[in-house]
Structures are given as structure tokens and as C-alpha cells.
Amino acid sequence: MPPNTMGELFVTRIRNLLMPCLLAAWIAPAAADYSAHPRAQALLEVLAREDRFSPEELASVRTALAQAERLPKLVEAEQKAAERTETWTTYAAKRVDAPRIANGADFLDENRLWFSRAETEYGVPPAVIAGILGLETNFGRFTGSARVLDALATQGFEHPTRSPFFFSELREFFVFCRDTKRDPVEALGSYAGAMGWAQFMPSNYRRLAVDFDSDGKRDLWTAADAIGSIARYLVEYDRSRGWRRGEPLAVPAVLDKPLPPDVAINTSRTTHTAAQLAALGLRPTVELPPGTQVGVVELQLDEGREYWLGLNNFYSVMSYNPRVYYAMTVSLLAQEMARLDADRNNISSTIPPGE
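Numbering (the numbering used here), first residue to last: 909 to 1263.
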């Protein structure tokens, strides 16, 4: 047998032996024992000092950290979210589609009592809340399959740019589990550690979730509490851009001439009045009071760009997810679901005119 053939045979045999192990390492989570991580002690200290964890409770945190698994794919998923990588054309087509609109209209009808109460108390139209639920979990169908412990530990200890945020959420998660008597090893959520139908991060769960059905629990794995909690979130999370009753989210606009280079685009808050932008070359296609505070929304299409003016409520939705595509999709999905719900039930849509 020629030497090169012998060498190829040897390499093939080694590859066949190693391939199952390599595949397993790539697919399966790896035990990490984050209880031994250099920053674990800092976490335990803050839980003891700020959150009054007892020695027994701290021991349970150590045990949970020792059982945490390293999931580097979660970091990659967070960095490659669709809002970062797709054009608006592709992003919207996947999400503002007939099945989701129909499911949303069904969901509005099935939960009309809770939606009506949420609108009465917080001023947020039912279809806007449903739009968020539709994007986050397809109306409660998919709430995440990653262990929240693994997601937050992996990213809290190892995320290259957002470690402080996820480390803080890991702390909040342990407080949440203690206060709700949940086992931190069992809770499931998204790759970012968000939980329930509403996909609240632990800090927001603790601060903003409501017991909307008055059963003694703030349970975001139920429709009622998710609906009420989203409405409260939009009003209270950031009061400087909190939801304003009766106002639209965004209106389409036409670019008559190129905007000056110093005009901010796709910001997280309003930047101009409608009159100022019209004078600069971007005018709404529906009438707005000249002093209306707005921001420039620029959507990258497969070919060309599309422009909208975002009003305060658009940026209220961006407080939920800080990406323009997300807020724009909620706006359009809400409009289509409200229209279908109104047609089915011969009622008036509660979405303000303008979207």
C-alpha cells in the first residue's frame, strides 16, 4: 500500500473516531461550574448585602451556579438577532403575515375582557399589546427553551460587550426565584433570559409585572397577567416616553429632498417637530399638528428606502425592544390585527388613525 494511502487511511480513522465527540461538543451545552468563576463571589456578596440573602439562600445560589451550563451559541444568537441582519423587506414579510394576523385577531377575541381592562387602565390599545405578544412569543405559543440560568450565566460572565447588563439580570433572576419560590434550574426562557408570554427580563418582571387576574400571583405564563403587564410596561418603564393615550405610533412620510447629514435617523426618541422635518424635506402623508414631536424612521428595503415619522408611542414600543424594525412591525401588525378584528366583529378599531 503506497505511503500516501496509508496516511489517508490513518487520517480517516482518526476523523471517524473524533467526529462524534466534536459534534457532541458543538451541539451539547458544556458544564461550566460558574460557582468557581472569579466574579461569582461578587454576585454572592451583592445578593447578601443588597438583597438580604440568608446563608442558606446563598448556598442555593452556589449550587445553581455549579449546575449552570455554558451556552456560547446564546451569545452568538444575541449578536445575530434578525433586527441586526435583515432588510426591512425580509423582516416584515416574515412577521406581518396572514397566519400571524389571523392568530392575533383570534387572540384579541378570546381575551377581549383583559384587553379592554388594560386599555381602560393604561390607555394602550388591545392590538398594540397583541402585536408585542405576537412578535415575542406568537401569542404564548413559544416562550423559549433555554434555561434562564444558563442564558444569564453564560452572558453575564462571558458576553464580550454586554456582560454588566446580563450580570445584573442574573442577580435579579436569583432574587426573582427566591421571592416566587421558583427553582432557578428549571425556569425556561429566551436566549437572552427573558421569561413568559411577555418575555420580561428578570428586573422588569420584578418591577412591572402585574397580577391582572387577581389570583395572587404575577404569572407571565398566563394571558391575563401578560396583557396587563405589557400595558403597564409601556406606560411606566420610561415615563419620558411613556405611552400616550389616543395617539398614533407612526405615520408614513415622503422624502422630497435629501436630509442634511446632521439630521439624526433611527434614534430611540423624538428629535424634531413635524414642521421642522417638513422644512428639511421629510413631510408626513397625513396631517399632523406642526408642533408634534417626531423622529425620523428610515427602513432599508431590498431596493431603496422607506420613511416614516415616529411619534412618542413608537418610541414607547422601542423601550420594549430598542430596534426600529421591531417597533415598526408592532405598529403594522397591530393595524392589521385591529382591522381584521373589527371586520369580523363589526366594531370600530381602537388603533388611532395615522399608522
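Backbone N, C-alpha and C fix where the C-beta goes; we use that ideal spot for every residue, glycine too.
Annotation: V1056 to A1000 spans about 28 Å, alpha carbon to alpha carbon. The closest CA to that of L1188, considering only G1101, S1176 and G1203, is found on G1203. Using a Cβ-Cβ distance cut-off of 8 Å, the segment 1233-1250 and the segment 1185-1200 are not in contact, since fewer than three pairs of beta carbons, one from each stretch, lie closer than that value. By the neighbour-count definition (other C-beta atoms within 10 Å, threshold 16), G1012 is a buried residue. A1139 places its beta carbon 9 Å or farther from that of N1019. When L1196, F1074 and P1192 are compared, the shortest CA-CA separation from D1164 is found for P1192.
Take F1075, set aside five residues on each side of it, and the residues of its chain with a beta-carbon closer than 6 Å to its own are G1064, in chain order. Contact between the segment 1091-1105 and the segment 1043-1058 is present: three or more C-beta pairs spanning the two stretches fall below 8 Å. Between A1134 and L1041, the CB-CB gap stays under 9 Å.
Taken in chain order, no unbroken stretch of beta strand (DSSP E) lies wholly in the segment 933-968 with a span of 3 residues or more. For A1235 and A1054, the gap between their C-alpha atoms comes out near 25 Å.
Taking C-beta separations shorter than 7 Å and ignoring five residues to either side along the sequence, the partners of V1238 in its chain run V1036, G1039, I1040, L1043 and V1225, following chain order. As the crow flies, the alpha-carbon of S968 is around 50 Å from that of W1216. Across the structure, L1078 and V1232 are spaced so that their CA atoms are roughly 27 Å apart. Restricting attention to Y1141, V1162 and P1160, the CA atom closest to the CA of R1152 is found in Y1141.
In the DSSP secondary-structure assignment, W1216 is bridged to P1160 and V1205. Counting only residues of its own chain and dropping the five nearest sequence neighbours on each side, A1095 has a CB closer than 6 Å to the CB of V1056.
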